[in-house]
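Residue numbers (our numbering): 39 to 576. Down below is the structure, laid out as structure tokens.
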Amino acid sequence: MTDASWWRGAVIYQIYPRSFLDTNGDGVGDLPGIIQRLDYVASLGVDAIWIAPFFRSPMADFGYDIADYRDVDPLFGTLEDFDRLLAKAHSLGLKVMIDQVLSHTSDQHAWFKESRESISNAKADWYVWADAKPDGSPPNNWLSIFGGSAWQWEPRRGQYYLHNFLASQPDLNFHNPDVRAAVLDNVRFWLDKGVDGLRLDAINFCFHDKQLRDNPPKPKEKRVGRGFSPDNPYAFQYHLYNNTQPENLDFLEDLRELLDRYPNAVTLGEISSEDSLATMAEYTRGQRLHMGYSFELLSSDYSAAYIRQTVAQLEAQVSEGWPCWAISNHDVERVLTRWGNGNASPRLANLLTAMLCSLRGSVCVYQGEELGLTEAEVPFEALRDPYGITFWPNFKGRDGCRTPMPWNDSSFAGFSTVAPWLPIDETHKTLAVAHQEADPNSVLQGFRRFMRWRAAQPALQRGDIRFLDVPEPVLAFVRNDGSEQVLAVFNLGKQPQTVALQAFDTVTPLDGHGLQQGVLQNGQLALPGHGVLFARVA
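Written out as structure tokens, the structure reads:
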């Protein structure tokens, strides 16, 4: 595999810097903390890290509201710290991907401060501005995913501005070529520093409908979404006009043209649209994004049929594109709680990692998944997430998956010497890295074993995928890279299952992956609860 294609089948470890390791005693993680723990990350057997935003920001949305794209927020360190991080990661064989939030800025960004002053300044058309309706109401019915209208009144201009997220996150006007050029210039800054990839936040939100047409209403029975709940008013509309516009495709091609000047650098786009799988296929076609990922496996839907349907649906639409799969990140409830149904066992944790890392595509693993962390309980008075505060108590927000990494069982779990920005969940201390390092049967050691084994299985990294018809709760497929076929079978339930496997002339079980293996006799596969079978087949 050439270095330029390192990302195909790669395992990307997501670091949420606020919650990784605090080295200066302010209760918030920082870039020196990541540097200090890079040896640990490399020991996991992953290929790359993706670091959530660390840029200068007022932190209204914890870094996804950027005030300066080319500087590190003092909370996290300095540009020199980032350079040291990059150098150490590369010395350990780790690629480094960073978040880029292109569709919107902070309202504290210099561009917006200038734009809001008048309708005639040099940046007047750099954001999405519109006049009020005759009755003073917003220009249309578009809603913010964080609640309420997507329009905010600005008295300096006597106009509304668009914000698909918080009111402090105004949307850039990508219809303006100067904006597109400035955005690409910011991206170039980090590519010149030597980053290996960009995770593109909300990449389908860059363009809006120029005519500002109303979004049509969505019937109650269809109010489901990814990244928001059915009782969020955002779910009450079909989002046909406030995102995923056709003009975005040309911008993605311009972005790819820039990336192609840096042959080893890649793009991974986060996509949340009315049909996210179709948009993933479209956005990774031709000279657009290298990879795309959606919220489809970040939902509460957990069954073999749902996973198969999701992956198969994308496979049917994607041509030369390449998917990236994730079952946890910093925006959703941790998978062991979401899919565990009260049975968050170590065996389930390792099974889910193995299943995810056996699908066709690349993989994002969120910090703490290698420890089997469950969703933390965060009381209302300790919440920091504006999304959760707005929608409490029906939706508790994203803080439960963002609590600090437990490194040991000390007062603050080895994360900090002071009370951290979010409370430590006491149950996480028993799962701390120090405990699991010493236990050969821990989730952490199981994670490492599987990653080492997977690294020697080319079919699992780059092969195509073909699903087999087996009953719930068993998921089965064959990965074929042209030189060998590997059968992967997963019992997603906790009860033993027996399934018929008669479609192969030879089945040679593969060991070394560390999971509890099923037994195949006379075409019948007996799988223990949360057990697997990996086998070479012909």
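Backbone N, C-alpha and C define an ideal beta-carbon position, used for all residues, glycine too. All values reported here derive from a predicted model rather than from experimental measurement.
Check	Outcome
Beta carbon of Leu-411 nearer than 8 angstroms to that of His-466	yes
Inter-residue Cα distance where the pair is Val-557 and Phe-572	11 angstroms
Own chain, CB closer than 8 angstroms to Pro-566, minus 5 neighbours either side, in chain order	Asn-529, Pro-534, Gln-554 and Gly-556
Nearest to Ala-90 (by Cα), restricted to the options Phe-429, Ser-129 and Ile-50	Ile-50
Continuous alpha helix (DSSP H) stretch holding Tyr-321: start and end	314-321
Cα-Cα separation, Gln-52 to Asn-388	18 angstroms
Minimum C-alpha distance to Glu-407 - residue among Asp-209, Arg-422, Phe-418 and Ser-383	Ser-383
Inter-residue spacing [alpha-carbon to alpha-carbon] between Thr-375 and Val-481	15 angstroms
Rounded Cβ spacing between Leu-525 and Val-575 (contact assumed at less than 8 angstroms)	5 angstroms
Top-ranked residue by Cα proximity to Ser-337, from Leu-306, Leu-386, Trp-360 and Gly-263	Gly-263
Under 8 angstroms between C-beta atoms of Leu-132 and Val-79	yes
Between the CA atoms of Lys-248 and Ser-141 - distance to the nearest angstrom	15 angstroms
Per DSSP, cross-strand counterpart(s) of Leu-565	Gln-535
Three-way DSSP call (helix, strand, coil) for Trp-44 in this model	coil
For Glu-192, the residue or residues it bridges with in DSSP	Gln-197
Among Ser-182, Ser-129 and Ala-354, nearest to Glu-320 - alpha-carbon criterion	Ala-354
DSSP beta-bridge partners of Thr-546	Arg-574
Counterpart residues of Glu-308 in DSSP-defined beta bridges	Tyr-331
Own chain partners of Gln-405 with C-beta closer than 8 angstroms, once the 5 adjacent residues on each side are dropped	Tyr-51, Gln-52, Ile-53, Tyr-54, Ser-57, Phe-58 and Met-443
N- and C-terminal bounds of the alpha helix (DSSP H) containing Asn-529	Counting along the chain, Asn-529 falls outside any alpha helix (DSSP H), though it belongs to the beta strand (DSSP E) covering 523-529.
N-terminal and C-terminal residue of the alpha helix (DSSP H) that Pro-70 is part of	69-74
Identity of the residues DSSP links to Asp-502 by a beta bridge	Asn-518
Three-state secondary structure assigned by DSSP to Gly-484	helix
Segments of 4+ residues assigned as alpha helix (DSSP H) that fall wholly inside the segment 369-446	373-376, 384-394 and 424-429
Pairwise C-alpha distance: Arg-94 and Asp-41	31 angstroms
Inter-residue spacing [alpha-carbon to alpha-carbon] between Met-329 and Pro-172	44 angstroms
Assigned secondary structure, Ser-153 (DSSP; H/G/I helix, E/B strand, else coil)	helix
Residue burial classification, Val-456 (beta-carbon count within 10 angstroms, cutoff 16)	exposed
Val-570 versus Tyr-279: straight-line alpha-carbon distance, rounded	44 angstroms
Exposed unless 16 or more other CB atoms sit within 10 angstroms - verdict on Phe-227	exposed
Expected contact under 8 angstroms - CB spacing of Phe-333 and Gly-265 to nearest Å	5 angstroms
Assigned exposure category for Phe-488 - 16 Cβ within 10 Å defines buried	buried
Cβ pair Leu-498, Arg-490 closer than 8 angstroms	no
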